[in-house]
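As structure tokens, the structure follows; a few thoughts come after it.
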Amino acid sequence: MIKMHFLFNIFFIKYYKKIKNFIKKKINKKKYNFSGGIKCVNLKNNPEEYFLNYFPNPKEFYIYIKYDHFKKNNLRVQVGQKVLCGQPLIFGSNKTVPVHSPTSGWIKNIDFDSNISNTNQKKIKIIILSDYLDNWIRLKTIKNYTKYSPTKLIKIIDQSGIIGLGGGGFSSAEKLRLSLNKVHTLIVNAVESDPCITADYCLIKNCIHEILIGCKIVAWISKVKCILIAIQEDKLELILKIQNLIKDISLFKICILKKKYPGGSSKILIKSLIGIDIPSGKHSLDLGYLIFNITTIYAIKRSIINGEPLIHRIITFHNEDKKVFSKNFFIKIGVPIDFILNYLKIDIKNKIIYSGGVFMKDIITNSDYSIQKNTNCIYIKKKDKKIIEYPCINCGYCVELCPVNLLPQEIFIYCKSSDSQKLKKLHFLDCIECKICEKVCPSNIPLVKYFIDQKKIESSINLEKKRKELFSYLFKKREKRLLSEKKIFSSENQLINIKKTNIYSEIKDLSKQSIINKKNIRKKMLKDAIKRAKIKNKILK
5 MIKMHFLFNI FFIKYYKKIK NFIKKKINKK KYNFSGGIKC VNLKNNPEEY FLNYFPNPKE
65 FYIYIKYDHF KKNNLRVQVG QKVLCGQPLI FGSNKTVPVH SPTSGWIKNI DFDSNISNTN
125 QKKIKIIILS DYLDNWIRLK TIKNYTKYSP TKLIKIIDQS GIIGLGGGGF SSAEKLRLSL
185 NKVHTLIVNA VESDPCITAD YCLIKNCIHE ILIGCKIVAW ISKVKCILIA IQEDKLELIL
245 KIQNLIKDIS LFKICILKKK YPGGSSKILI KSLIGIDIPS GKHSLDLGYL IFNITTIYAI
305 KRSIINGEPL IHRIITFHNE DKKVFSKNFF IKIGVPIDFI LNYLKIDIKN KIIYSGGVFM
365 KDIITNSDYS IQKNTNCIYI KKKDKKIIEY PCINCGYCVE LCPVNLLPQE IFIYCKSSDS
425 QKLKKLHFLD CIECKICEKV CPSNIPLVKY FIDQKKIESS INLEKKRKEL FSYLFKKREK
485 RLLSEKKIFS SENQLINIKK TNIYSEIKDL SKQSIINKKN IRKKMLKDAI KRAKIKNKIL
545 K
């Protein structure tokens, strides 16, 4: 069996180019393009990358939860507790989705952990000790999703802990809620433009039928009239495979994009496919387009039809030293990077490990760092020599290649001086942080680093402004309430005073009347006494 598999691989690699040329002739479609961007050297020529590999369970899983949006009372487990595979570890909230146990076992420890990557965010670390059995919780499967309302299905997606798996990390359930009665087209993002990542293409190759079911589920929820599957032109076998499956379904349409980086950004997709720019400060939903990554679509299908929460995904491992070594693994969330490197026997001396691809990546500084929901690639490369940053020479390369038509060299100048008004005029917040400008800069200026730092400053300023606005609004509301209460109180006092004066006047009137009455009675008594005395005198005479 192994020998046959090996022979098949040799045959496939040998005739790979011939098969490609044959498929190329079969596909005659319009190819969509966008201004800017760069054509990358293809590092993904090995057809073995589409084969799916698996990892065994490690002894311990490390689950990280952002502390910024976390409350202690959100925890659903405690140290020493027995957990099952798929069991929720925390409650979800408006800003976060639930996180589930990737294995069955015991909660070994719950502690705070910071500095796990270059983002200086504190996180709560839950350590799960695996029992290697993977006993699942009871899963609720759905055969016919059309019998359920969109709100019910969105609730299931939310409880399954699904987020944007293309790197955004935004709650998919919240995105679907915002899209209700608002969108007319679903764009399925199957564009993987980074030269070393093939996770999405591997998923299409192995699970295309499930992906199409997921597309129909999202279409049922959002009531879209059209589904566009966006894919790059070099993935010929996958294009042909998708075409054969959707040729009789009018709802679907395949859109082939030119092979350029960055093709997978939502702004670039809308610009390429529809030909319009998303206005500054707006979202694709505002234009009637709902965009989901193909991995997110697959996770939605698994949560609705199979009842599975998000506990695993496909990830590409790329080693720059050995360009042949670029494989895709179906891996659980929470598996430590250290375990993966030991299992693959990778020596990391004088090497840097990144989470992400060649362009958009974050350095992993701690070996305890584990696979997260939004991790799509682990990229290993040699340590570079210290790069010297030189002054800007105004060559204009960054302006020519910017895919969102910004002016990076001008933005850089105003970022250094923190001129917020000038930066707003240049729409620097629309930067998608693709890092093309950094790669082509002959002066080695880390432009995106300056942009990100300035974005953080702007967000903190905006947050402070919002806080001030909120506090001033609450203060004004309080003053208004106190004034109204004061008015009510004074009016009540006035009424009491009026009542008091009325009672006093009535009492005064009554007392006057009683005095008069008393005088009249005395006069009458005196008159009666005089009459009686006169009568007595007459009788005596």
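In this note's numbering, the protein residues as written are 5 to 545.
Ideal Cβ positions, reconstructed from N, Cα and C, are used throughout, including at glycine.
These numbers were taken from a predicted model, which means no experiment stands behind them.
What is the C-beta distance between residue i and residue j, in whole angstroms, given that I count them as a contact (C-beta under 8 Å)?
i	j	result
Ile392	Asn448	6 Å
Gly338	Tyr66	6 Å
Leu291	Ile274	7 Å
Ser176	Thr100	Ser176 to Thr100, Cβ: 13 Å. No contact.
Leu427	Gln458	7 Å
Could you please give the first and the last residue of the uninterrupted beta strand (DSSP E) stretch that includes residue i?
i	result
Asp366	365-367
Cys259	256-261
Tyr547	Nothing about residue 547 can be reported from this structure: the residues present for the chain run from 5 to 545 only.
Can the beta-carbon of residue i be found less than 8 Å from the beta-carbon of residue j?
i	j	result
Lys257	Cys230	yes
Tyr54	Cys206	yes
Asn380	Ile319	yes
Asn193	Gly268	yes
Ile308	Ile253	no
Ala223	Cys259	no
Val83	Ile114	yes
Met364	Glu437	yes
Cys406	Cys445	no
Lys439	Val452	yes
Pro384	Ile350	Note on residue identity: the sequence assigns Ile, not Pro, to residue 384. Closer than 8 Å, so yes.
Ile94	Ile69	yes
Leu261	Ser276	yes
Tyr58	Phe334	yes
Leu190	Phe296	yes
Glu178	Lys112	no
Ile166	Leu56	no
Ile298	Ile208	yes
Lys548	His316	Residue coverage of the chain in this structure runs from 5 to 545, which leaves residue 548 outside it and unanswerable.
Just mark residue i as buried or exposed, buried being the case when its beta carbon has 16 or more other beta carbons within 10 Å.
i	result
Val408	buried
Glu473	exposed
Phe15	At Phe15, the pLDDT of 47 sits below 50, so the modelled position is not reliable; the number obtained from the coordinates is stated separately. Counting Cβ neighbours within 10 Å, Phe15 comes out exposed, since fewer than 16 surround it.
Pro60	exposed
Thr145	exposed
Ala537	exposed
Asn119	Because the pLDDT at Asn119 is just 49, under 50, the model does not fix this residue reliably, and the value given afterwards should be weighed accordingly. So Asn119 ends up on the exposed side.
Ile525	exposed
Ile62	Ile is not the amino acid found at residue 62; the sequence shown has Pro there. With 16 or more Cβ atoms within 10 Å of its Cβ, Pro62 is classed as buried.
Ser164	buried
Thr155	exposed
Thr369	exposed
Gly109	buried
Arg306	buried
Pro102	buried
His73	Note that His73 has pLDDT 48, beneath the 50 cutoff, so the model's placement of it is unreliable and no number is given.
Asn122	Confidence at Asn122 is low in this model, with a pLDDT of 41, below 50, so the placement of that residue should be treated as unreliable; the coordinate-derived value is given next. By the neighbour-count rule (16 or more Cβ atoms within 10 Å), Asn122 is not buried but exposed.
Asp204	buried
Spell out the partners DSSP gives residue i in its beta bridges.
i	result
Tyr383	His322, Tyr358
Phe334	Tyr58, Ile318
Thr189	Cys230, Tyr293
Asn139	The partner list for Asn139 (beta bridge, DSSP) is empty, contrary to what the question assumes.
Glu64	Leu133
Asp115	Lys129
Val87	Gly109
Give the range of the alpha helix (DSSP H) segment to which residue i is assigned.
i	result
Thr299	298-309
Ile128	Ile128 -> not in any alpha helix (DSSP H); beta strand (DSSP E) instead, spanning 127-134.
Tyr347	341-347
Cys419	412-421
Leu430	That residue, Leu430, is in no alpha helix (DSSP H); it is neither H nor E in DSSP.
Ala177	176-183
Ser276	270-277
Glu241	240-250
Thr155	154-163
Lys286	Element bounds for Lys286: n/a, residue is neither H nor E.
Verify the CB distance criterion: does residue i have a CB-CB separation below 8 Å to chain D?
i	result
Leu93	Protein chain content of the structure displayed is limited to a single chain, and chain D is not contained in it.
Consider the C-beta atom of residue i and the heavy atoms of the ligand HEM; say whether any pair is separated by less than 7 Å.
i	result
Gln91	Ligands in the displayed structure: none, and consequently the ligand HEM is not present.
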